[in-house]
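Reviewing the structure listed below.
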Amino acid sequence: MDSLIEDQSCSSAAAAVSSSGNEPTTSTHFLLRPTSSSSPSEVGSSQEGSRHRRKQAPRPVTITDPLKKKKKIEEEEEEESEEEEEMDFSNMRVSEIDAYAARFNEQRKKMVLNGRKMKEEIQQIKEDLQEERRKYEMVLAVNKVRKNITDTAKVMLEQAEVELQEESAQRESVMAMRNQEKENFKNKEKDMKKAFEQALEEEKTKMAGDLEGEKMKLKDLEKMMKEEWDEEKKKLDDLEKKKRDEIKVLEEKKKNLDVLEKKMNDEREEEKKKLEEGLQAKQKKELEAEKEKREVVELELSGLKAAKENLHKQLEELQENRKGLQEALDNERSTSSKRMKDLEAALEQLTIAEAANEKLSGEAAETANALEDKNKELDLANNKNKELAREIFQVREEMRIQNGNHQVAVNTHNRDLLEAQKTIASQTELVNELQRQLEAANKKFETAREVHQLSLGPIQEELINARTANNRLEEQLQKTREAYAQKEAAHLLKMQKKNGDNQEESPTENAKKLENENKHLKNCVEPVERRNKELEEENGRLKKINEDLEGELERSKALNQLPAPIGNEEISRQGEDDDEDEQRPSSSAV
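Count the sequence shown with the numbering used here and you get residues 86 to 675, in order.
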């Protein structure tokens, strides 16, 4: 009975295989695993164990790492493949073979999906490489710009040094001219002193004669003043007499007015009597006329009184004027001697000032022209110094900005390199993982092909197709690996060319290079700054000399307004002070 059952199962399995071979839907969508060379009892036990395993529910995958998930899935697939290897298709039923074919088709779909994922990952790797290349080109462009800026900065510094040398030559020529002018000025001062002494001696002789003439003039003035005083005294006496006569006339007028008042009173009494007699209208008119006359007389009396008071005041003022004139005469006599002395000094000063003025006016015009020219030269030099300082400041700012940008670019490049290395490592792990998967799949395909190539023709064709697909995937993987290796080698070569060495430099070496370049630029800028400071000191000294010359011009202009003559000792002291001012070092800076 057992042999009959086995024969029936074998025949049913063969029929299922033949029927499955006739159906294209099942024959082209699954792969079979090799059968084991075990006995029917072992086959039955293995089938029972496989059925028992299929009934068990799969464990839930809770792993977050994709590589660990893949390993877990591969382990499960290996377990399933081991279970399938234990199967014997000769003793399987049609339903079991269909289930196996469906499961195998699912595995094939998973492999196709995995191949698509591999293609997507390869595309992502290509995009990452393109991004790396773009970043590297950007770094190269930044380096080119930085090199151009450093070259322009060097050219500008060389031009600044040439201009500073030219400025120093001009300053030396100006200093030589200044020294020559100082010597000429000292010689002129000596000549002026000699001429001044001669002029003083001549003026002394002249002033002696002039003093005698002035004394005579003063005596004549005193005589004239005495005569004028006598005349004024006579006039005052005459005025007093006139005023006395006027007072007498006024007194007589007053007496007459009193008499008139008495008469008027008598007339009034008479008129009153007449009024009582009946002439009221006429009397009223006459009274009004009399009142008006009386008012006029009273006004005349008040005017005479005011005139009398004015005359008294005029007499008092004349007496005060007389006293003031006496005091003025005394003061004039006392000040006349002082005036004589002042006139002598003023005459000496005027003659000296005229002689010195004529000489100094010409020298002042010459020195003013020279000072204007030198001031223009100093202004030009100051403007050039300011422009050079501004250019140096701009170059420093540009170098500082470039160094900052270069440092940022280096840091970003280093970060990108680290990220690229990480991505490369992860991509290599993925590629290795995919390669391992392909190797496992190839092994499965080879074992299936070796077992079933004689008995299963359509399945063999499917195996061949799957193998060709796997070979294509392998070729694609190999091509991507080679392309990735070529790109990585090109990237390394570019980095080596960028650094100018055959070895890849580290970020610390790049930072050292930047520090060396900054030091070199500082060394180039420091002599320029020192030269600028020297030029500023020279400008300050020239400015001090200019101020001294302006002071000398002001002194020459003030000679016309001096209150007293300048002696030989004071002139020599002023010359020594001027020499000390010129020899004193200037501390001002432009």
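Where a beta carbon is used, it is the ideal one built from N, C-alpha and C, also for glycine.
- Collapsing the DSSP output to three states places R231 in a helix.
- By the CB criterion at 7 angstroms, V480 and M241 fall inside the cutoff.
- E429 is positioned such that its CB atom lies no closer than 7 angstroms to that of M277.
- Under the three-state reduction of DSSP output, R178 falls in the coil class, being neither helix nor strand.
- Annotated as proximal: E288 and E433, with beta-carbon spacing under 7 angstroms.
- Looking at the backbone, the Cα of K357 and that of N395 are separated by about 40 angstroms.
- In this structure, the beta-carbon distance from L523 to E206 does not fall below 7 angstroms.
- Taking a cut-off of 8 angstroms on C-beta distances, the stretch 332-348 does not touch the stretch 306-319, as fewer than three cross pairs fall below it.
- Note on N233: under 16 other CB atoms within 10 angstroms of its CB, so exposed under the neighbour-count rule.
- Each of D427, Q250, E518 was checked against the Cα of I158, and the nearest Cα belongs to E518.
- Taking C-beta atoms under 8 angstroms as the contact rule, L403 and L321 qualify, at a distance of about 5 angstroms.
- In terms of Cα proximity to E297, the closest of I509, M425, R615 is M425.
- Closest in alpha carbon position to E354, among K338, L372, E639, is L372.
- For A575, the closest alpha carbon among the candidates E217, N488, Q563, K202 is that of E217.
- The residue among K204, E257, V179, K195 with its C-alpha nearest the C-alpha of L463 is E257.
- Annotated as distal: A245 and L465, with beta-carbon spacing of 7 angstroms or more.
- Distances from the alpha-carbon of A455 to those of F478, M301, Q265, N272 put Q265 closest.
- By the Cβ neighbour-count rule, F478 is exposed, with fewer than 16 other Cβ atoms within 10 Å of its own.
- For M203, the closest C-alpha among the options K564, G636, G625 is that of K564.
- For A186, the number of other beta carbons within 10 angstroms of its own is at least 16, and it is reported as buried.
- Here the alpha carbons of D427 and E385 stand approximately 58 angstroms from one another.
- One thing to note: A440 has its Cβ no nearer than 7 angstroms to the Cβ of A254.
- With 16 or more other CB atoms across the displayed protein chains lying within 10 angstroms of its CB, N470 is buried.
- Ranked by how close their Cα comes to the Cα of E248, the residues N468, A392, E448 have N468 in first place.
- With respect to the 7 angstroms criterion, Q487 and R231 are classified as neighbours on the basis of their beta carbons.
- In the same chain as K195, and ignoring 5 residues on each side of it, no C-beta atom comes closer than 8 angstroms to its own.
- Relative to the Cα of R329, the nearest Cα in the group A392, N269, G388 belongs to A392.
- Spanning the alpha carbons of V381 and G409 requires a straight line of approximately 41 angstroms.
- When the beta-carbon positions are compared, T513 and D213 stay at least 7 angstroms from each other.
- For the pair K229 and D501, the CB atoms are not nearer than the 7 angstroms cut-off.
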